[in-house]
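To keep things clear, I will list the structure first and then write my remarks on it.
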Amino acid sequence: MFNEQKKQLEIVSYQDPRVFAQECVELLERHHQASAAHTLRVVEISALAGLSLGLSKENTDFLIYEASVHDVGKRDVDARLLSLHNPTPQQIATIRDGHIKGTRERLKNSNLEPSLKAVILEDVMQHHEDILFFGNVKTPYPRNCENVSSYDGPERRKETSEPSERAKILFFADKLDRSMSGFNNVDGKEPNLENLGNRVRKYLGDGAMSAEDEKLLDVCVDACSKLYSNRLLISK
Numbered sequence: 704m705f706n707e708q709k710k711q712l713e714i715v716s717y718q719d720p721r722v723f724a725q726e727c728v729e730l731l732e733r734h735h736q737a738s739a740a741h742t743l744r745v746v747e748i749s750a751l752a753g754l755s756l757g758l759s760k761e762n763t764d765f766l767i768y769e770a771s772v773h774d775v776g777k778r779d780v781d782a783r784l785l786s787l788h789n790p791t792p793q794q795i796a797t798i799r800d801g802h803i804k805g806t807r808e809r810l811k812n813s814n815l816e817p818s819l820k821a822v823i824l825e826d827v828m829q830h831h832e833d834i835l836f837f838g839n840v841k842t843p844y845p846r847n848c849e850n851v852s853s854y855d856g857p858e859r860r861k862e863t864s865e866p867s868e869r870a871k872i873l874f875f876a877d878k879l880d881r882s883m884s885g886f887n888n889v890d891g892k893e894p895n896l897e898n899l900g901n902r903v904r905k906y907l908g909d910g911a912m913s914a915e916d917e918k919l920l921d922v923c924v925d926a927c928s929k930l931y932s933n934r935l936l937i938s939k
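Under my numbering, the first residue of the sequence shown carries the number 704, and numbering increases by one thereafter.
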């Protein structure tokens, strides 16, 4: 009897990833609505791209979870910083450092099933690591500063595997939405649907992507265009 009770106590109840993803969005929404709105758009762009690519249900589910939690670390950044119209380079570095580290810690400390957590954590962290995607690109993230290297330093970059297709979709969806919306869209202008792909290419630098990455970007551009075209039609 005692042994049976002990076995029952040892059974771990893991959190449903759908619930965790929803909680992350709600947590961010209470802290900074523009960041939460960006997250939801990245979810939609990623899901549309996954559908166009014919991803399996499992891969699509993972992609939706990952897009839902990719910026949850912004909950640990001062909302006043997140709302600045023209942040200084140092303020930008603070936002980037804080939300990358915060996202990683929240995922690591989550009660997701370990193997599922490992996949989500790796993809979400990889979407920040421009240099892992495109070798020679000058990453905008201050990867050499002390507080970044303390949790995600050069030794991790050496050991990290080639980014998954999901991580690359998330990377493109994130960059495309930021390009479209100006992130906070503080000027009130309508988003510009022209030359979306070229904006990302300019950001990365000439020759930074492989032919396969170019095709993946085109799919994500199409998904982003569909999302914003529908939003513009609804708003008129």
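Virtual Cβ for every residue (Gly too), placed ideally from N, Cα, C.
Sixteen is the threshold: since fewer than 16 other Cβ atoms of the shown chains lie within 10 Å of the Cβ of residue 722, the residue is exposed. Assigned with DSSP and collapsed to three states, residue 786 falls in coil, not helix or strand. With 16 or more neighbouring CB atoms inside 10 Å of its own CB, residue 869 falls in the buried class.
The Cβ atoms of residue 772 and residue 819 lie no closer than 8 Å to each other. In the structure shown, residue 774 falls within a coil segment according to DSSP collapsed to helix, strand and coil. In this structure residue 731 touches residue 777 by the C-beta definition: roughly 6 Å separates them, less than 8 Å. The three-state reading of DSSP puts residue 816 in coil, since its state is none of H, G, I, E or B. Residue 717 carries a coil assignment under DSSP once its states are collapsed to helix, strand and coil. The alpha-carbon separation between residue 822 and residue 744 amounts to approximately 22 Å. In the DSSP assignment, residue 742 falls within the alpha helix (DSSP H) that extends over 736-756. By alpha-carbon distance to residue 716, the top candidate from 875, 921, 817, 879 is 817.
Nearest to residue 920 by C-alpha distance, out of 748, 735, 733, 738, is 748. Proximity of the region 793-802 to the region 757-769 falls short of the contact definition, fewer than three beta-carbon pairs being nearer than 8 Å. In this chain, the alpha helix (DSSP H) harbouring residue 808 covers 792-811.
Pairing residue 740 with residue 876 gives a Cβ-Cβ distance that is not under 8 Å.
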